[in-house]
Amino acid sequence: MRETFPRTKTYTIESLHQKVQNRFEQAGLSEYQSREMSEQLLYAEMRGKGNKG
């Protein structure tokens, strides 16, 4: 019997950036810190250098 998996969701980089930035702001980081952190994390992920931990 073959397992089926739910469809993978795709996001634009802009919408993902906003989601990540919002989470950082909810965690208490400033708008500037949230923007910088989300940019760096997404840039690393797009280059294949994402953090798995």
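Under my numbering, think of the first position of the sequence shown as 1132, with each following residue one higher. All residues carry an ideal CB built from backbone N, CA and C; glycine is no exception.
Among the options, whose alpha-carbon lies nearest the alpha-carbon of residue i?
i     : options                    : result
E1146 : P1137, S1161, R1166        : In the sequence under discussion, the amino acid at residue 1146 is Ser, which differs from the Glu named in the question. The shortest Cα separation from S1146 among P1137, S1161, R1166 belongs to R1166.
Y1174 : H1148, Q1157, T1135        : H1148
F1155 : T1139, M1168, I1144        : M1168
E1170 : G1159, T1135, S1161, I1144 : I1144
Going by DSSP in three states, residue i sits in which element: helix, strand or coil?
i     : result
Y1142 : coil
A1175 : helix
S1169 : helix
K1180 : coil
Expressed to the nearest angstrom, what Euclidean distance is found between the alpha-carbon atoms of residue i and residue j?
i     : j     : result
T1185 : Q1164 : Because residue 1185 is not part of the residues shown, which for the chain are 1132 to 1184, the question remains open.
Q1157 : G1179 : 27 Å
F1136 : E1162 : 36 Å
E1176 : G1159 : 23 Å
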